[in-house]
Every structure is written in structure tokens, then in C-alpha cells.
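Down below is the structure, laid out as C-alpha cells.
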Amino acid sequence: MGMRGATGGADDPAPADRASVGTGPARGADVEAARRELEEALGPEGVLADRLGLLLYSRDASMVEGGCALVAFPRSVEDVQACVRIAARHGLPIVPRGSGTGLAGGATPIGDALVVSTARMDRILEVRPEDRLAWVEPGVINLDLQLALAPAGFTYAPDPSSQQTCSIGGNVNTNAGGPHCLAYGVTSNHVLAVDVVLPDGRLERFGSEGPEWPGLDLRGIVVGSEGTLGVVARVCVRLTPLPEDVRTMLFDFETVEDCAQTVSDIIASGVIPAAVEMMDHGIVVAAENFAHAGYPTDAAAILIVEVDGSPAAVEAQARAVEEAARGNRARSVRVAADEAERALIWKGRKTAFGAVAQIAPHYHLHDCVVPRTKLVEVLAGVYEIARRHGLVVTNVFHAGDGNLHPLLSFDRRVPGTLERVLRASEEIVRLCVEAGGVLSGEHGIGLEKREFMPLVFSAEDLAAQDCLRAAFDPDRRMNPEKVLPAGARCGDFAMARGRDVAEAVARMPEGAWI
Amino acid sequence: MALPTLHPHTKGDVAAMLREASARGTRILIAGGHRHLDKGNPCGVDAELWTTQLDRLVAYEPADMVVVVEAGMRVGELARILAERGQEWPVDQPADATVGGVIAAGASSPRRLRVGAVRDTLLEAELVTGDGRLVRGGGRTVKNVTGYDLPRLVTGSLGTLGAIVQVALKLRPLPRARRTLVARGDGLELGRRLLDAVRRPSAVLATPGAAEVLLEGWPAEVEELTRAARRVTADLVVVDDADFPTIRPWEERPVVVEAAVTPSRAFEVARAAGRSWGALLGVGIVWVGLPSPDGPLAALRERVAELGGIAPVVRGPGGLGGPEPPAMDVQRRLKAAFDPRGILAPGRGWGGL
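Protein chains in written order, with this note's numbering: chain X, 400 to 913; chain R, 42 to 394.
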């Protein structure tokens, strides 16, 4: 979940009012010496040390306020290595940062950290259609990469809703998804290799340009690791041929249940659409007011379904999708007649989070994933939780993957509201986990959700994850305090070895996860 | 010489056996269907732990397109269960291979242009570590960024980190139609042209005397792609619903190498491969059959290395080959965390992990 001012800051409370995390200086950090060396390595324009500048980098799109000592803007892999080595020498933790669009606080710095922004590493280094790959710097904006590849007939498939702003490096660190990952898969399926600057400043390449090599998949571990294992300094992405044909359809329903059942029925019919996005009444009204996409504002829920492929495949899939929708009492079917209409339908969806500013100045957004078959049940529970706490909840989400984004709108200037929001949020998370779900589909755990991790994993599971992290970063200097809850330590994993195995096995709830 | 074998029936059995093996320093090879054990560097072990009794279906909800099975389930048995609901786990491995074995070996489908690699199908994994702890990572949803990706770490780990005991797998609908097109002639040249002309094939395989294209999808889509292929060559044999590929010249030799290079380099590997080979075009895998692991293997590996690739043996002796792996210190720490006594297939992994 992430919390932010929906209007982009104007109505935000004063920083002191925000949730904040340990901003004290790191022990033994020599910030001044680090600043001098960084300026020497990157030039004065490559380092930010003034108070206002640092404040800007003290948070991401979550609402957790942190603090940092310095911000560096490397322009090359060598610059990144210099940053990491200087930080190591002077005892500063390192927080890699892409565009700061994550909603979980993964890029919110803590303590006297050095924020390493990849924003100026924004070159597409090499495009090789014959090998179906491209090498890019981490600061390349997702949409810019898609636009650059399109003339050659290719795309980079993962397309988060923030794709106009978010960077490939950030996408890699959060294993980002997007509407089209239903058919095409998440970031990890599209990243062939990464060049990573490890915490000691070494550059290593994980993965390969071709098919997987034998050996441990360190590439796969780095993807989704939220900047805790190293700084991703170059990315080799897979190119996907653009589909010859695409059809975007919009269905509207009188009940949320009919809409959700349609999603299951589409999948059951053997079709995997390129995208299946669901929006409920509240969000449809807000989005329509903002984007004027022609959404039916009297619908209880709408479903945007896109199918693509060869003309024959599109025809066959569209027929099956329409059948599923009509079988669930869809009131109408709108098929985008041309590219302009398709863009308009998508505009309403992709700008929905901005449109909710009309409802209230702040929102709290969740990112849970539940099994697709539990959608109806979980949605009913989410509405009930919001009702009980007197909150407005709207839902716009990746229905095909079961990736929910319940969005609580509120005005935190009203006393007591924030507390109700946080209580409702925790209940929503618990509801999703009880339905067999996970905490995050595409934003990661960051700071905001790490204390929920024990809902999903045993102490031993978490200790194993901490070992994995420590294998890369034994001194724990990369993006500290993220992902794993306080107290999950690799040492516990080692100490647990004497424990009775039967006891450990008995704690695993058989079959409770589906 | 047959090694002693262990036959656990439950995850708890596996945990107890590995805990005891760690305590005694008994070196263990985790084995499923014995189909992928040649992959990996030679390693000396004292016993084999067979996962084949751990073969239960734990949960299957077709509408979620996710199945949860114990690792010893045979691939053929799983395929039968899934086909009843019109779905598949797309790996195309031998029916008597086990799910856990396929994952541990990182053995992917020849249809990977369309269905992806096996590592992209593993959503959740439960692992018993070398010292007998049960650890779970991932989750039973198709999208998940909740902690580190343990499932990807165990995919291809060749049993060096633990025994995979249970997995959740992402499934696909079975294609409505499946067709193989065979064109006789210069396989590489025909294959190159077919790959260009046919959009979204499931596979294009070049062999010395032919090119084969696998088409999957909706019946009308397969017809459409067939017409595209006929524009390349009118001389096509059409075989519906056949195993792909129809010929496997590399399998006639005792030693089989699975070379991996960038897709455009597959042609050069094939040209250096002698007469028993098959190149998966657009992917960059070249299977090469060799009479022995001696001279020809070294020459092939040298050529593949020049082309920036690697050439592990997947059948017969010869090991993985290849250069020093990246970040061996990180890899050794991972190994030590999951198998602190070093009893699991010591040395089998890349770089002797």
C-alpha cells in the first residue's frame, strides 16, 4: 500500500505531521568527507547536499518520510562504482533510486544515507533486433523505451500505469507489472541480464544475453530485490514483437459480482487476454470526470479487456471474451474502433489514481494479490471493511492477475481519519492473506509492509531470506531497513538448526494457502 | 555400483533424513526421475534421496491456472491431470521425469518462444535445506513481489541448495490446435526464412537436412501461420498433433551438449557442430550429439566460448564447462547458508559449487 496526497502535494500536511522513520545520523558516517570525494568524482553538479534538495529526496510516492545526507547523480557505471566505494569508505548506507514512483517506501532513505539517483543514466545503449534484446541504462523511462522500440516493430512488454515516469531500473528493483503482464509476464520474464554494482563497488554481470546459463539465477534474485543487494547499473531487456492486431473492449455490469465472474469465465474458456482491468462504480465516475473516456457512469463495474495477436487469434479470443461477458449479464459491449478510441479507453484507466483527487485530497493504496477465484469474496470484504470504518473505497485493478488496488480516499486533516485508514488497511491486508494472497503484486514491501511479512512467512522463511540478502551484502549497507521485518536475521536461521524438525513441519499449514 | 537410496514419504521424512545426513556428513544426491542427473559437474556422493514417493496433488484450482504439487510427481501424471481441465505446465520433458527434477535442472520447453522458460512458471517453492529445515518462498498467485524470489534461486540449482519438496506452478491453457511443418533442405537457411516469415511460432528448429516449425493456437490462427510459411517454401509437409520435433539427430549420439548463445549466434554454433545437431532458432539453443566427451567436446566448447556462450553436457559425461561464474563469493555464501555442511551434491553446480 502507499499513501500520498492525491493532488501531488499541495494539500499535503507539513512534513512534521507525516509518518517518519529513524532520521538520526548513522554511526561513524563522515558525510562531509563523502561529499568532497563525490564532488571530485562526479563534479559539483553530480551531488546534492543542500537542505531543500535533500528534503525532496527524503521520500518516494509512499508517505513515509525519511531523510538522507547526500544525493548523487552518476552518469556512468564507473560513477556508480565510485559512489558505492565512497559511501562504503565513509560509512554511509546506500539507497538506489529510480523515479521514486514506488508506493511502498522502497526508495525512502533512512539515516545518513547516500541516495544514488539513476535519473541521469538514461541512455538506450544498444538495440539488437536479431537477438531480440536491448541494453539500457537504469534511468531510461519505461515509456521512452517502448516508444524507441516501436519503429522496429518491437516493444518492452511490462507497462506499469506509471510508465510515463517510472524507470527501467526501478521496474527491475520492484519486479514491476502493469496491465499487460497477464499475458506477457512481469519484469523478471523480460530481463535477460543485469550489470550490478555490488556493495563493495565491484561490477558483476548476472544472467546472459541468450538462454539461461547453468548455475544459480542471481539475475532472478536481483529482480524484485528493492535495491537491497546492489545498484543495478545496466539492464539487458527482452524485446517482444508488437502484435499485428489488437482489440480493446469495454463491458459494463450491474453488479461487481457479475464483472468479477466474467474474469474467471474468460480464463476458464482458455483465453489469456493481453489485459483484463476492472474498475468499480466510484472510480468509473471519478475517471470519467477527469479523462472523458465515455465510461458508463451508471455501471456498478466496468471491465476493460484487450486481446492481441494475429487477426485470426484476435477474432477467436474476442468472440470467447464477449460470450463470457454476455453470460454474466454485461449490459453493453464497446469495441474500440481505432487507435484513438483505444488510447482514450486506456487513458481513463491509467490516470485513475490522479482522478481520485476529486473524492478526497489523500489516498491510501493497496497492492495485494489474491487468487483470481477469490476476487468476489475479497472485494465484498473490502467494501465491508471500508463501510465499518466510515471510509470511501474505490477499486481499480489488474483483475486478470488478481492484483487488487483498493484505494481508500480521505482527508487526513480531519482528526482521527488517519487512524481509521490505518486500521482499515491492516484489515484489508489480513483479508487478502487469509484468502491465500500475498502482500504485493508490483510495488514491493519497502518500509510500509515489512511488518506484515510474518503474516505470510514463518520466522524460518524470513531468516532464510535474510541469509540470501546477507550473501550479497554482508555488511548490510544496501537500502537498510527494507523488505524484511526488524528481527529477521540470518543468524536465527543458523541457530534454528538444532530445533526439532517435526515441530517445524507441524507449523506449516498444509493446503491453507489456496 | 549402486548407491544406498532413501525414500521419504513426507516432507518431514526429507527433513529428518537430511538433518541426519548433515550430522553424519553423508553426501546426498537428490534424485527424481533420473532424467536430468547427467547435467552438472561430476560429484561424489554417498547416497541418493529419491523424491518419487512425494507425489501428491496438493491443490488445483483450474480457474486460477495454478497447481500445487509435491516435487516427486511425474511430469506425465501432472500433464494427465491438467489436460482433463484443458491446461498444461509447458515444459515438454520426459513423462517419467519429476516436477522437482525438471525445476532443479532448469530444463525448459523447446516451445519457449511462446511459453517461456521453466523459471517463469515457478510461483512458490518449498525446500528442505541441507541441514533439514523446511523453507518456503514465493506465493500462490501469478504476480508477487513479497520478499526475495527463492523460487528462482532454486530453479536450475541442481540440488545443491536443498531438496525441492513442493511447488506451485503457473499453468497455461492447452492450445486448441497444434501443427508441425517440415521443410526439407538446408535447415539453417530455411529455418532463418521461416522464423522471419511466421510471426509467433512456438518453435523453429533447424537440423542438417530440414527445418521444422511448430505452430500452436486457435485453428484459424494456425491456418493463417501455415499460409505464411508456404510463402517461404511450397514444399512443406504438414503434421498435426505430433510430438515436436519429429526428428532429433543429436539424440542418436551418446553425449549430448546443450549450447546456449545469443539467438543470432546459433547459426555459427550449428556450422561448427558436425552432423548431429538441432538449432532452436530465435532462442539460441543448439543441441549437439557427440561420439564421446573427448576431443570434439573441447573443440565445440572453444568455439561456443568464442561466440560468447556456454556448452554444458546434458546427457553423458562432460560436466558443465564454461568460464568462472560471476561473484563466486556471493554464491559460496548462498551455498553455506542453505547447505552449511556441504552435503548436497558437492561440486555439481557451475564453478564447482
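Glycine is no exception: its CB is placed at the ideal position from the N, C-alpha and C atoms.
Annotation note: the segment 514 to 591 of chain X contains the following uninterrupted beta strand (DSSP E) runs of length 3 or greater, listed N- to C-terminal: 523 to 527 and 532 to 535. Remark: three or more beta-carbon pairs, one from each stretch, lie closer than 8 Å, so the segment 543 to 555 of chain X and the segment 636 to 643 of chain X are flagged as touching. Taking the C-beta atoms as reference points, residue 567 of chain X is found no nearer than 8 Å to residue 585 of chain X.
Taken in chain order, the complete beta strand (DSSP E) segments of 3 residues or longer contained in the segment 439 to 508 of chain X are 467 to 471 and 493 to 496. In this structure, residue 72 of chain R places its C-beta atom within 8 Å of the C-beta atom of residue 91 of chain R. Contact residues of the segment 843 to 860 of chain X toward chain R are 843, 844, 852, 855, 856, 859 and 860 (C-beta to C-beta distance below 7 Å). Residue pairing from DSSP leaves residue 80 of chain R without any beta-bridge partner. Cβ neighbours of residue 272 of chain R within its own chain (closer than 8 Å, five residues either side excluded): 238. Residue state for residue 217 of chain R is assigned as coil, using DSSP reduced to three classes. The Cβ atoms of residue 500 of chain X and residue 881 of chain X do not sit closer than 8 Å to each other. Contact with chain X is found for residue 196 of chain R, since one of that chain's Cβ atoms lies less than 8 Å from the residue's Cβ. Annotation for residue 569 of chain X: 497 and 498 place their beta carbon closer than 6 Å to its own, counting only its chain and skipping 5 residues before and after. In this structure residue 477 of chain X is exposed. Its beta-carbon is surrounded by fewer than 16 other beta-carbon atoms within 10 angstroms.
A Cβ-Cβ separation of about 4 Å places residue 664 of chain X in contact with residue 723 of chain X under the 8 Å criterion. What residue 772 of chain X touches in chain R, judged by beta-carbon distance under 8 Å, is 102, 104 and 105, going in chain order. The segment 615 to 635 of chain X and the segment 186 to 200 of chain R touch, with no fewer than 3 CB-CB distances between them shorter than 8 Å.
One finds 184 in chain R with Cβ atoms closer than 7 Å to the Cβ of residue 802 of chain X, taken in chain order. Where residue 281 of chain R is concerned, there is no enclosing alpha helix (DSSP H), although the beta strand (DSSP E) around it starts and stops at 277 to 281. When the alpha-carbon of residue 124 of chain R is set against those of R/208, R/53 and R/214, the nearest one is in R/214. Within 8 Å of the CB of residue 588 of chain X, the CB atoms of chain R belong to 157 and 161, in sequence order along the chain. Restricting attention to beta strand (DSSP E) runs no shorter than 3 residues, the segment 338 to 371 of chain R encloses them at 354 to 356, ordered along the chain. Collapsing the DSSP output to three states places residue 319 of chain R in a strand. Contact annotation: residue 331 of chain R and residue 232 of chain R have beta-carbon atoms that are not nearer than 8 Å. The continuous alpha helix (DSSP H) containing residue 117 of chain R extends over residues 116 to 124. Residue pairing by DSSP places residue 650 of chain X opposite X/702 and X/732 in a beta bridge. With respect to the C-alpha of residue 678 of chain X, the residue from X/559, X/672, X/667 and X/697 having the closest C-alpha is X/697. With its beta carbon less than 8 Å from one in chain X, residue 305 of chain R belongs to the interface.
The beta carbon of residue 563 of chain X is closer than 6 Å to those of 542 in its chain, skipping five residues each way along the sequence. Take residue 839 of chain X, set aside five residues on each side of it, and the residues of its chain with a beta-carbon closer than 8 Å to its own are 503, 766, 767, 768 and 848, in chain order. Per the Cβ contact rule, the segment 50 to 63 of chain R is in contact with the segment 171 to 179 of chain R (3 or more Cβ pairs under 8 Å).
Residues of chain R with a Cβ closer than 9 Å to the Cβ of residue 635 of chain X do not exist; the shortest Cβ-Cβ separation is about 10 Å. Under the three-pair Cβ rule at 8 Å, the segment 647 to 656 of chain X counts as touching the segment 721 to 738 of chain X. Beta-bridge analysis with DSSP links residue 163 of chain R to R/210. Proximity of the segment 193 to 205 of chain R to the segment 608 to 617 of chain X meets the contact definition, three or more beta-carbon pairs being nearer than 8 Å. Not a single C-beta of chain X is nearer than 8 Å to the C-beta of residue 133 of chain R. In this structure, DSSP gives residue 695 of chain X a state outside helix and strand, which the three-state scheme calls coil.
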